[in-house]
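Inspection log for the structure reproduced underneath, given as structure tokens.
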Amino acid sequence: MAVRRRTGHGAARDAQGRHELGAGRLPGGARADRGAGGLHPPPHDLNLLVEGDPIFTPVLDPADPLWASEEPVRAARMREYGLHSMIAVPMRARNTVLGLASFMRSLNPVPFHPDDVLLARELVARAALCVDNARRYSREHTAAVTLQRSLLPHVLTGGTAMEVASSYLPANATGGVGGDWFDVIPLSGARVGLVVGDVVGHGIAAAATMGRLRTAVQTLADMEMPPDELLAHLDDLVLRLSEEEPDGEAAHQTATSFLGATCLYAVYNPVTRRCAMARAGHPPPVVVTPDGQVSFPELPAGPPLGLGGVAFEATEIELAEDSLLGLYTDGLVEGTDRDMGVGMARLGQLLSRPGLDIDTLCRTAAQQLVAKPQLDDIALLLARTHGLGADRVASWEVPLDPAAVADLRTRATRQVTQWGCPELAMTTELIVSELVTNAIRYGSPPVRVRLIRDSRLTCEVADGSSTAPRLRHARSMDEGGRGLFLVAQLAHRWGARYAADGKIIWAEQELPSPY
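Just so we're aligned: the sequence shown equals residues -9 to 505 in our numbering.
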């Protein structure tokens, strides 16, 4: 027996035969047996509906052998309710049969007229168009949600510098999926980058734009750019991408998405417990101290990405041990029933509740702040910050004397051995020797060396010069030019980052397996 799915049905009488003017409703996806309760044409006519015109039966006779023999239950229902006339119209849209609409007369003794068929055809055509649009929109919404989730990070880790938790809730089918995104990016020196962004717009175009921006931020962060410079480069990228204008509606959607993007980028250093942040038209972060005090650091807002012409500014704050740092999108704190200020205050209250782990805080805050209906995406990224103790960091000042290199090699070897990593003593000694020698020879004071034992062993050599290091391949007769090449071979990875007072050359080594 064929089984159909029905989302709604209406009747002029209830099951006891009483007059009823309302419409009944089955739960979405509920099963309805065509033989038991359906009021469709007999089976031999159904094939005609797939390709043909409406079926018009002015006089419906339950005693007809086709009904009595093939559908006896429906024949009995027809007699019970007094159904005497029928019009069945296929619901077609875009050369696809979506369903069947059946019209029966019971209380009205006058049979259907041919003019009623024209009216039924028009009503069903309009209904089919609405159903098809809803199906197509639902399919696009599902594809956009799938794309959005696939482009978001699946695993977040803050190392030993912080605990992280995230929550993402896509907009419902009415609002459409937006372009909210977040990421946690491990950086050199045990530092961690946090980023949250929002692409204005909905649908697949916004999700695709979000993916491009997230990839760009990862690349720029790996280049050791400070927050304000990273946003400046991201702004230039958005300007260039917005100039790639395809034809038609896609061009309008792409341009709108790019011009409406906002972003907040922060870099936390567990050694100094300081966090540098910059934002481009994005809501400010929330900070909750260990004793429950809530604040929203005042950061220069900056223009949204893609406008150009205005420089971004970074602000640096100090975070106490076990502080909670929250980055979020405007959909979390702003809605039709409240302004942003009220939502931010409510967010601070929810995040300052004591005794909850970070995952529970993130999940419950997002659930309790979400608006109904949810017309915009919601992204919330929480980080509970930690500092690296003095037992994990060793630093020394270096005089501008080549003879000091030998003493630093000895100190570095002793320190690595004290940390329980004698396997790394020789390579650390060589890395320190090469980097310090280059700083003394080509840099300017002050020169400092710092060893950090975190998830990796990091050697940092800082000096007051902004001269960029360059990896060279020395020729066989050259006396120098092999220092950075050796460092690159010995280290897991290496790089340079710049500050207001100079630069830092760093090299990381993987710790032995027990660590």
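No residue lacks a Cβ here, since even glycine has one placed at the ideal position from N, Cα and C.
query, result
"What first and last residue would you give for the beta strand (DSSP E) that runs through MET215?", "Counting along the chain, MET215 falls outside any beta strand (DSSP E), and DSSP gives it neither H nor E."
"Does the Cβ-Cβ distance between THR252 and HIS223 come in under 8 Å?", "no"
"Quick check on the DSSP output: the alpha helix (DSSP H) that includes THR319 runs from which residue to which?", "Per DSSP, THR319 belongs to no alpha helix (DSSP H) and is neither H nor E."
"Give me whichever residues DSSP pairs with TRP409 in a beta bridge.", "Beta-bridge pairing links TRP409 to no other residue."
"Measuring CA to CA, which of THR150, LEU314, ARG95 and ASN98 is closest to GLU281?", "For clarity, residue 281 is Asp in the given sequence; the question names Glu instead. Closest by alpha carbon: LEU314."
"Please classify ARG116: is it buried, with 16 or more other beta-carbons within 10 angstroms of its beta-carbon, or exposed?", "exposed"
"Measure from the alpha carbon of VAL451 to the alpha carbon of each residue in LEU378, ALA310 and ASN428, then state which is nearest.", "ASN428"
"In its own chain, which residues sit with a C-beta less than 7 Å from the C-beta of ARG401, not counting the 5 before and 5 after it?", "TRP386"
"Return yes when the Cβ of ASP225 is within less than 8 Å of the Cβ of GLY296, no when it is not.", "yes"
"Take ALA384 and list the residues in its own chain whose beta-carbon comes closer than 6 Å to its own, dropping the five residues that flank it on each side.", "GLN405 and LEU441"
"From the DSSP output, in three-state form, read off PRO176 for me.", "strand"
"Can a CB atom of chain B be found closer than 8 Å to the CB of LEU420?", "Here chain B cannot be found, since the structure has a single protein chain."
"For ALA240 and GLY325, what's the separation of their Cα atoms in angstroms?", "Reliability fails at ALA240, whose pLDDT of 49 lies under 50, so the model's placement of it is uncertain and no value is given."
"Sort SER75, VAL207 and PRO143 by Cα distance to PRO104 and report the nearest one.", "SER75"
"Please classify TYR318: is it buried, with 16 or more other beta-carbons within 10 angstroms of its beta-carbon, or exposed?", "buried"
"Identify the continuous alpha helix (DSSP H) that holds PHE475 and give its terminal residues.", "473 to 480"
"On the DSSP letters alone, give me the boundaries of the alpha helix (DSSP H) that ASN428 sits inside.", "415 to 432"
"Among the residues of its own chain, which have a CB less than 7 Å from the CB of TYR488, if the five just before and after it don't count?", "SER456"
"May I ask which residues mark the beginning and end of the beta strand (DSSP E) holding VAL63?", "Not the beta strand (DSSP E): VAL63 falls in the alpha helix (DSSP H), residues 62 to 71."
"For LEU227, which residues in the same chain have their Cβ closer than 7 Å to its Cβ, ignoring the five residues on either side in sequence?", "ALA206"
"Relative to the C-alpha of GLY506, which residue among ASP391, ASP51 and SER434 is closest?", "Nothing can be reported for residue 506, as the shown portion of the chain is limited to -9 through 505."
"Cα-Cα, which of ALA396, HIS144, ARG263 and ALA486 is closest to LEU420?", "ALA396"
"Please look up how many angstroms separate the CB atoms of ASP218 and PHE286, rounded, as I've assumed it's under 8 Å.", "Rounded, the Cβ-Cβ distance is 19 Å, inconsistent with contact."
"Please list, in chain order, all residues of the same chain as GLU469 whose beta carbon is under 7 Å from its beta carbon, the five residues on each side excluded.", "Caution applies to GLU469, whose pLDDT of 48 falls short of 50 and renders its modelled position unreliable; the model cannot decide the point."
"Measure the C-alpha to C-alpha separation of PRO392 and VAL437 and round it to an integer number of angstroms.", "12 Å"
"DSSP state of ALA558, grouped into three classes?", "The shown model of the chain, from -9 to 505, leaves out residue 558, and the question about it has no answer."
"If you draw a straight line from the C-alpha of VAL554 to the C-alpha of GLY292, how long is it?", "Residue 554 cannot be examined here, being either before or after the span of the chain that is shown, -9 to 505."
"What's the C-alpha gap between TYR258 and GLY148?", "10 Å"
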